[in-house]
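K.L.:
Here you go, one structure.
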Amino acid sequence: NGSALGANSIAENATTPVQGEFTVNAADGLKSITIGGTTILTSELLDLSPTTPKTIAGTEGTLTLTDYDPVTGKVSYSYQQSDSSKDHSGGDTSVSDTFPIVVTDNANESSAATNLVILITDTAPEAKADTGTVTEDGAALEGNVITGGSSNSTDVADRLGADATQVTGVSKGSSTTEQTGNVGGTGLAGDYGTL
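The opening residue of the sequence shown carries number 1 in UniProt numbering; numbering runs sequentially from there.
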């Protein structure tokens, strides 16, 4: 008895569920599977369809079983996370939803638990290029490279991650170590002026 599982992941701000499948088998015939603490009989597995699914609540979202193939043993599912913002302060792989799966055969022998793990990935911030034009000996140009803003119409709003986003430094040139300015402090000297 046992189950074969594949890895799956979903972004924390995803608006559509991720799809996947896992395989269960029992040499003496399948009696039931228990997934995330919910026991589902073979007769219930055979009744699975997109219109008659089985839902299992996880710690971070909902697992929905939608199909079962008794020939191959494949169980199809979808998973939707319950919140668009997760705390990834522990790292990119720190948030996941785990569903232990146990297979029981017709002789009432049960397999060891195997985990179906859904990784919930962080939404990474994205910096976008900004441009500006200033007249020599003219007024200083103002703008906001994070939000865009109305002061400079060519500034483009960046995409912030779901977690708190901070600007930690500004650099000149292609190398981030070439010259670093202090955010909220002294200016960063360029070839023709100061940012």
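For glycine and all other residues, C-beta sits at the position ideal for the given N, C-alpha and C.
(1) Starting from Ser43, trace the beta strand (DSSP E) both ways and give me its first and last residue.
(2) Indicate whether Pro53 and Leu65 have their beta-carbon atoms separated by less than 8 Å.
(3) Could you give the distance in angstroms between the alpha-carbon of Val95 and the alpha-carbon of Asp191?
(4) According to DSSP, Tyr192 sits in a beta bridge with which residue or residues?
(5) Could you please give the first and the last residue of the uninterrupted beta strand (DSSP E) stretch that includes Ser110?
(6) State whether the stretch 135-142 contacts the stretch 105-115, with contact taken as three or more CB pairs (one from each stretch) at a distance under 8 Å.
(7) Roughly how many angstroms separate the alpha carbons of Ala36 and Asn13, rounded to a whole number?
P.N.:
This is what the structure holds:
(1) Segment 42-46 is the alpha helix (DSSP H) holding Ser43; no beta strand (DSSP E) there.
(2) yes
(3) 44 Å
(4) Per DSSP, none; premise fails for Tyr192.
(5) Looking at the DSSP string, Ser110 is not in any beta strand (DSSP E), and its letter there is neither H nor E.
(6) no
(7) What sits at residue 36 in the sequence shown is Gly, not Ala. Roughly 23 Å between the two C-alpha positions.
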